[in-house]
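Take a look at the structure below.
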Amino acid sequence: MQGAMSQLDTFDPKPKSKVQGETKPIQTKISGVQFGEKLPELAKIADKLAVIRSMNTTTAAHEPARYLMSTSYKPIATTRHPGMGSWVHKMLGRIHKELPVAVQVGGGIGPGYLGAEFAPVPVGDPSLGLQNTKSPAYLNDSAFDKRMDLSHSFDSDFRKLAGKNRKVNGYDDLYKDAIHLLRSEDLKAFDISKESDDAKKTYGDSRFGKGCLLARRLVENGVRYVEVSLGSWDHHVDLWTKMGNIGSELDKAAANLIADLSSRGLLKDTLIVIGTEFGRRPEINQNSGRDHHPAAYSCVLAGGPIKGGQVWGKSDADAYRVESDGVTPEDFNATIAVAMGIPHDKEIHSPDGRPFTLGNKGKPITKLV
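With our numbering applied, the sequence shown covers 756 to 1124.
Below is the structure:
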């Protein structure tokens, strides 16, 4: 949820607080637990969700906070850290021999020091799927292969000079993977036009809804990791007007994704994460919005081994500070790692020999998995 989702207006409303604003709380399927009124479908399946209300971070700037949330590390000039999709690729490997390990719909953090071979495949518009995958009529497979051989021969001297340079070899592997994908019969997994009209309607016509539908298609065909971005949560102005649209997009698509995966028997093996870089300040500003607030916010986990129907942690009466069981981005990512079967403290090394782990020094929330 790019832009910083308001905890008070989504997963941690405070009906008795003077700063609650216009969002009315609604009852969920968990006794005594309420969500904001724009999340009625997620409220109905709250028994499948683990809601973390005690997230907190150290920065209120979007890009550094998003980077930390995605990598478990603060950005530094000397090292570019890999995002979660690249970690999954490195630690778990492929399921499908031709489809990618990781896909990002709408952007995200890249492979960092792991190199190009671990980069998630980007999809800009989920309704268009993976673009530029069809060769022109005059270019058959034989002609294509000849062109690739010619390109390879042009590069031969450079390859000799590069030797075993991991970046050069990484791009070689990336090209090979791309060609295998272009020729795969399962490339159709990227085409949501093959879904029924009912399925498209259920997920919604928004880009996020289409992204979640694409995510389901990819997961059921053997893609390990799919990240779908939903931007425009940076509500400094007219929060409650904008929440009507974006809240409904999240609610409809995420709830249906969980229900769809469950009906197909896939939810038990699929981890769902709803995350954001920080929260929003409880005080309402002069523009009917809320400003940045890193001291308390909410995230959600579901599926896989996650024990649903519970709330972890607590914020204070105004959702201003964490009162108990605080969770940092590092803790959150360590929990995700455990849920995916990845040792959160297993070290890998960057090219300059520095050790890194998926969760940095974070501690997993063992009671959720």
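Quick reminder that beta carbons are idealized off the backbone N, C-alpha and C, glycines included. Remember, it's a predicted structure, so these values are computed and weren't measured experimentally.
Ranking PRO1106, ILE781 and GLY1063 by CA distance to the CA of GLY791 puts ILE781 first.
In this structure, ARG1035 lies near HIS990, with their beta-carbon atoms less than 8 Å apart. In the DSSP secondary-structure assignment, ALA1057 is bridged to LEU804 and ILE1027. Annotation: TRP842 is outside any beta strand (DSSP E); the continuous alpha helix (DSSP H) that includes it extends over 839–847. Close CB contacts of PRO881 within its chain, under the 6 Å cut and outside five residues either way in sequence, are with VAL860, LYS965, GLY966 and LEU969 (chain order). Counting along the chain, the unbroken alpha helix (DSSP H) around PRO819 starts and ends at 817–826. Just so you know, the alpha carbons of SER1079 and ALA1050 end up roughly 12 Å apart. In the structure shown, PRO795 adopts helical secondary structure according to DSSP, grouped into three states.
Here VAL1124 is not near ALA1089, since their CB atoms are 8 Å or more apart. Take the alpha-carbon of TYR1075 and the one of SER772: they are about 11 Å apart.
In the three-state reduction of the DSSP assignment, THR996 falls in the helix class, which pools H, G and I. Between the C-alpha atoms of ALA1008 and TYR868 there is a straight-line separation of about 33 Å. The residues ALA801 and GLY1064, in chain order, have a CB closer than 6 Å to that of ILE785 in the same chain once the five nearest residues on each side in sequence are set aside. Beta-bridge partners assigned by DSSP to LYS1069: SER1079. For LYS845, the CB contacts under 8 Å within the same chain, skipping 5 residues up- and downstream, are PRO837, LEU869, PHE873 and ILE1103 in chain order. Across the structure, ARG971 and ASP1107 are spaced so that their CA atoms are roughly 38 Å apart.
Contact between the stretch 876–891 and the stretch 907–917 is absent: fewer than three C-beta pairs spanning the two stretches fall below 8 Å.
Collapsing the DSSP output to three states places THR834 in a strand. Ranked by Cα distance from LEU973, the first of PRO1084, ALA1010 and LEU854 is LEU854. In terms of Cβ geometry, PRO1084 and SER841 do not form a close pair [threshold 8 Å].
Per the C-alpha coordinates, the member of ILE1097, ARG938, ILE1091 and MET760 positioned closest to LEU1056 is ILE1091.
A residue is called buried when at least 16 other Cβ atoms come within 10 angstroms of its Cβ; PRO1119 meets this threshold and is buried. Ranking MET824, THR783 and ARG835 by CA distance to the CA of ARG1109 puts ARG835 first. A Cβ-Cβ distance of about 35 Å is found for the pair PRO1037 and ASP1015, leaving them out of contact under the 8 Å criterion.
Taking a C-beta distance under 8 Å as the contact criterion, VAL1028 and ARG808 do not qualify as a contact pair.
Ranking ASP904, ARG938, SER1017 and ASP1100 by CA distance to the CA of ASN1115 puts ASP1100 first.
For ARG1035, DSSP records a beta bridge to HIS1047. The residues GLY977, in chain order, have a CB closer than 6 Å to that of HIS851 in the same chain once the five nearest residues on each side in sequence are set aside. Contact check for SER1003 and LYS793: beta-carbon distance about 6 Å, within the 8 Å limit, so the pair qualifies.
For ALA898, the enclosing alpha helix (DSSP H) has its first and last residue at 896–909.
Ranked by Cα distance from LEU1021, the options LEU1113, PRO1060, ALA805 and LYS901 are led by PRO1060. The residue from LYS956, LEU994 and VAL876 with its alpha-carbon nearest to that of LEU937 is VAL876.
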